[in-house]
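Residue numbers (this note's numbering), protein chains in the order written: chain A, 1 to 344; chain B, 1 to 344; chain C, 1 to 344.
Virtual Cβ for every residue (Gly too), placed ideally from N, Cα, C.
As structure tokens, the structure follows; a few thoughts come after it.
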Amino acid sequence: MKRLKDLAEIVGGNIIGDGDIMIVGVGSAKEGASYGTITFAETEEIHKEAEKTEAAAVIVPKTITKSSKTLVQVDNPRLAFARIAREFMPKPLVTGEIHPTSVIHPTAVIGEDVSIHPYAVIDEGVRIGPRTVIGPGVYVGKGVKIGADCEIHANVVIEYETRIGDRVIIHGGTVLGSDGYGFVTTKEGHYKIPQLGNVIIEDDVEIGANVTIDRGAIGSTIIGRGTKIDNLVHLAHNVETGPECLIVAQSGIAGSTKLGKRVTMAGQSGVFGHLKVGDYVTLAARGVITSNVESGSFLSGFPAIDHKQNYKIKAASRRVPELLKQIKTMEKRLAELEKKLEDK
Amino acid sequence: MKRLKDLAEIVGGNIIGDGDIMIVGVGSAKEGASYGTITFAETEEIHKEAEKTEAAAVIVPKTITKSSKTLVQVDNPRLAFARIAREFMPKPLVTGEIHPTSVIHPTAVIGEDVSIHPYAVIDEGVRIGPRTVIGPGVYVGKGVKIGADCEIHANVVIEYETRIGDRVIIHGGTVLGSDGYGFVTTKEGHYKIPQLGNVIIEDDVEIGANVTIDRGAIGSTIIGRGTKIDNLVHLAHNVETGPECLIVAQSGIAGSTKLGKRVTMAGQSGVFGHLKVGDYVTLAARGVITSNVESGSFLSGFPAIDHKQNYKIKAASRRVPELLKQIKTMEKRLAELEKKLEDK
Amino acid sequence: MKRLKDLAEIVGGNIIGDGDIMIVGVGSAKEGASYGTITFAETEEIHKEAEKTEAAAVIVPKTITKSSKTLVQVDNPRLAFARIAREFMPKPLVTGEIHPTSVIHPTAVIGEDVSIHPYAVIDEGVRIGPRTVIGPGVYVGKGVKIGADCEIHANVVIEYETRIGDRVIIHGGTVLGSDGYGFVTTKEGHYKIPQLGNVIIEDDVEIGANVTIDRGAIGSTIIGRGTKIDNLVHLAHNVETGPECLIVAQSGIAGSTKLGKRVTMAGQSGVFGHLKVGDYVTLAARGVITSNVESGSFLSGFPAIDHKQNYKIKAASRRVPELLKQIKTMEKRLAELEKKLEDK
């Protein structure tokens, strides 16, 4: 439980009402926030929904001044809500202790206040920064360096020589540093090209569950600072993303492709290999980029083209069945006219 | 080995032939069922295939009365086969014991006859119901409640506060309760919205391998009773499915979408977020639902529309290359006619 | 570090220059190979790039005879590079020891020089061949047989009765032998059809990370010799691949489909169930095969058709918006002609 005035201070909010009330957690305006929670409303419409709930307080824009609830006025209600929600976030993996069942190589260097859970395996030459959490069953391979304040969930696999920055979150079952998919095909078979590079995860990256990020063939696969990757995404060897990219669930990027900054790939999308995608590019769900893309583009379809263009083409293609009938009729009319003119 | 008359009793079947023969296992009519097995045939055609095999007995509909094999007549041969096959199903993870290497928090409450395998980690406040099996390397997070007769395969990750009902099967590597993908974007970066909800898996659900089901942002992600989820499926935060849905491999559902009862999503399909899909809806493979769907619909394509309609459009679009040529010719004929009429 | 003449001997290469120089590793011609490395160049153009780097030697075709670098002439530079790279490949999981924390059933038979890592669990009746590596947290189920010289990465799950040949590599988090997705639907629910088959992985197969391969319903799911499977692929029950297939990331094959030899499925592609795909078939990225396919085909699209044909259709469909306008105009001209002819 936290006092409302303390929460408001975190976000620089202006309280209209009683700042001494106690808040028990966060709630959703649309789905019935429960007694004593705080919620947010970006519009008067949602504010009215919030007033119907049992919430104690609502975070609102400065344009909302009257309410049956206590208000906290801010510039960005959604952001303020996220920051306040953080105060109520449980940290179930923080223990501050190293569980005796974890196997830690004598040459590994573990920072202060690190939490290591049962059955984690920390291999030779590993460095782990202060306050980082290593979940149960995690494997940290030879020579891996992990920064400070990271959160590695259960059963994650971090293969040798991976580099992870600070404040990185990795969800369960993810594999970093598996071999890239590289073979030379001869008549005897597909000969494996050793993958001798590594994976670099920069600061403030978050990676979902059961993601796969392959090591580079030579050199590194690099996930840029502040990028957020969703579940079941695949990033092939030598892919590089700029900072603050958003890659939604089940998407994939083929080998050696480079994304600029703040590229957004919606769900189940894809990018061919050896391409350059500019900055601030958005790819719609299921889109597939098949050639280099300029900064600022908004694309959809396969091959991905300008979204408006693709929309026109999709809408038009739905009319092709009737078009075929129309052409058939026009053919007849044309034939009749040709006959009439001949007869004359 | 089991006596045929005992197997027939399980399914209320009528034996034509010797009920005392011993059955060693199950077999496939089309792929050469081996000596002493029992198989099934839904039609006379498949029955003839079954007669060519070395099977000892065949489960058939009541319309089949003559055979070189011993027959078991039932209403639903496929279902009866499945129930009889169950008698021969190995249960390799059932040990009835708690392996000494499992780490179990003192406050966890473990039911009767639970099997816990090596290196399973059971965290604080967990409850596990009777006869449930926890496989090797499984992580059961804080406060998780699991019902009776569940089967959790190796290396599954069950994050804190997840609720699992009775008779739930979860295959290897699956992650339940990873954080939903939620961020507020500002010019400083993407600020993480804490995901404070949980995951609820109702009774009789089966979940495949390497599946990811995110916890709700606020409130629960809910998998309805009797739903069967295939491998590598992704269900985002606050998704809810009705009972008895079928979600085939590599499909994905975006955040906050609700499915009705007995919705079928074929392989590699998808549903956009914040939608309502009715009951008994079928989505074909690779289809993508982009707007609310009425009960009883059968959809395909992207955006998913009525299947017959989509089929027409796809068939028509294959004719567009020849249509372009046809239009070109019609243009010429039209121009000639216009010229002729002018000359006159 | 290795002497160049020893490396050249491995690949039967002809040295032009000093064969006594020491090589420290491999590098990339295009991305600045570092001091003392060896790289390769298939063309004079790439050779020129290589000359600008700090590499000590370049593997080239026999047509390249002059260089500022030491040359190694071979028939297939890419293959020779892969073989030489192997000499510098770290083998971080090879220890030659069985870690005391691994749990090994007394009836398991472990070959010579096997490496078993912490927290691996080897169940009853397992056989593991010489020099095989079992990574941390791997679960090897009852009765599993694994051949010689295999490399099983961390947290892989190998369910009971799986058979794995020699020189098989399996990357982290993969699950072999999960139950196939099989149910009989009645009004009471979806009744589980026990999956009583297994999985067979033949020699020289490589499987990526977080892959799922289901056991057969009856009989085996079989991955053919020399096949290479990329990350996050799903292979359903009773799928069989011929030898030397290439299945790229995030693809899926539905139940009982058989692939011939050297079938290539590019990324995020799919094949419907119960089909036969011939030999040497190539399916482009995102393609979906929906009916039997003859050997030698090159297909794309959904449903997958001849690639050239599909390309034509896609190109034509982009012109449909303008076509609609064109038809509208032609309609008008046709109507005018009809009117003129009537008036006359």
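For the candidate residues the options, whose alpha-carbon lies nearest to that of residue i?
{"i": "residue 216 (chain C)", "options": "C:204, C:224, C:57, C:235", "result": "C:235"}
{"i": "residue 351 (chain A)", "options": "A:230, A:242, A:238, A:257", "result": "In the structure as shown, chain A starts at 1 and stops at 344, and residue 351 (chain A) therefore has no counterpart that could be examined."}
{"i": "residue 128 (chain C)", "options": "C:117, C:149, C:136", "result": "C:149"}
{"i": "residue 121 (chain B)", "options": "B:152, B:61, B:289", "result": "B:152"}
{"i": "residue 204 (chain A)", "options": "A:212, A:19, A:168", "result": "A:168"}
{"i": "residue 290 (chain A)", "options": "C:267, C:212, C:309, C:97", "result": "C:267"}
{"i": "residue 252 (chain B)", "options": "B:260, B:233, B:117", "result": "B:233"}
{"i": "residue 199 (chain B)", "options": "B:188, B:161, B:225, B:8", "result": "B:161"}
{"i": "residue 54 (chain B)", "options": "B:26, B:201, B:78, B:237", "result": "B:26"}
{"i": "residue 382 (chain B)", "options": "B:33, B:87, B:41", "result": "No information on residue 382 (chain B) is available, as it lies outside the stretch 1 to 344 that chain B covers here."}
{"i": "residue 140 (chain A)", "options": "C:145, C:155, C:341, C:139", "result": "C:155"}
Check whether the Cβ of residue i lies closer than 9 angstroms to any Cβ atom in chain B.
{"i": "residue 127 (chain C)", "result": "no"}
{"i": "residue 285 (chain A)", "result": "yes"}
{"i": "residue 321 (chain C)", "result": "no"}
{"i": "residue 34 (chain C)", "result": "no"}
{"i": "residue 184 (chain C)", "result": "yes"}
{"i": "residue 196 (chain C)", "result": "yes"}
{"i": "residue 303 (chain A)", "result": "no"}
{"i": "residue 153 (chain C)", "result": "no"}
Let's test the definition: count the other Cβ atoms within 10 Å of the Cβ of residue i and tell me whether it reaches 16, buried, or not, exposed.
{"i": "residue 178 (chain B)", "result": "buried"}
{"i": "residue 209 (chain A)", "result": "buried"}
{"i": "residue 172 (chain A)", "result": "buried"}
{"i": "residue 85 (chain B)", "result": "buried"}
{"i": "residue 335 (chain C)", "result": "exposed"}
{"i": "residue 28 (chain B)", "result": "buried"}
{"i": "residue 35 (chain A)", "result": "exposed"}
{"i": "residue 311 (chain B)", "result": "exposed"}
{"i": "residue 3 (chain B)", "result": "exposed"}
{"i": "residue 126 (chain A)", "result": "buried"}
{"i": "residue 347 (chain C)", "result": "Chain C is shown only over 1 to 344; residue 347 (chain C) falls outside these bounds and no answer can be derived."}
{"i": "residue 194 (chain B)", "result": "buried"}
{"i": "residue 372 (chain C)", "result": "A query on residue 372 (chain C) cannot be resolved here, the shown segment of chain C reaching from 1 to 344 and no further."}
{"i": "residue 77 (chain B)", "result": "buried"}
{"i": "residue 292 (chain C)", "result": "exposed"}
{"i": "residue 315 (chain A)", "result": "exposed"}
{"i": "residue 105 (chain A)", "result": "exposed"}
{"i": "residue 100 (chain C)", "result": "exposed"}
{"i": "residue 214 (chain B)", "result": "buried"}
Between residue i and chain C, is there a C-beta pair that is closer than 9 angstroms?
{"i": "residue 157 (chain A)", "result": "yes"}
{"i": "residue 291 (chain A)", "result": "no"}
{"i": "residue 212 (chain A)", "result": "yes"}
{"i": "residue 40 (chain A)", "result": "no"}
{"i": "residue 341 (chain A)", "result": "yes"}
{"i": "residue 312 (chain A)", "result": "yes"}
{"i": "residue 181 (chain A)", "result": "yes"}
In this structure, what does DSSP give as the bridge partners for residue i?
{"i": "residue 265 (chain B)", "result": "B:247, B:283"}
{"i": "residue 221 (chain C)", "result": "C:199"}
{"i": "residue 3 (chain B)", "result": "B:22"}
{"i": "residue 234 (chain A)", "result": "A:212, A:252"}
{"i": "residue 206 (chain B)", "result": "B:169, B:228"}
{"i": "residue 15 (chain A)", "result": "A:72"}
{"i": "residue 259 (chain A)", "result": "A:277"}
Please check if any C-beta of chain A sits within less than 9 angstroms of the C-beta of residue i.
{"i": "residue 22 (chain C)", "result": "no"}
{"i": "residue 190 (chain B)", "result": "yes"}
{"i": "residue 298 (chain B)", "result": "no"}
{"i": "residue 137 (chain B)", "result": "yes"}
{"i": "residue 142 (chain B)", "result": "yes"}
With 8 angstroms as the limit, tell me which residues of the segment 70 to 101 of chain C have their beta carbon closer than that to any beta carbon of chain A; keep them in chain order. 76, 78, 79, 81, 82, 83, 85, 86, 88, 89, 90, 92, 99, 101
In the segment 226 to 242 of chain C, which residues sit with their C-beta less than 7 angstroms from some C-beta in chain A, listed in chain order? Cβ contacts with chain A come from 226, 228, 230, 231, 232.
Against chain C: residues of the segment 160 to 176 of chain A by CB proximity under 7 angstroms: 160, 173, 175
Select from the segment 105 to 123 of chain A all residues with a C-beta closer than 9 angstroms to any C-beta belonging to chain B, and list them in chain order. 117, 118, 119
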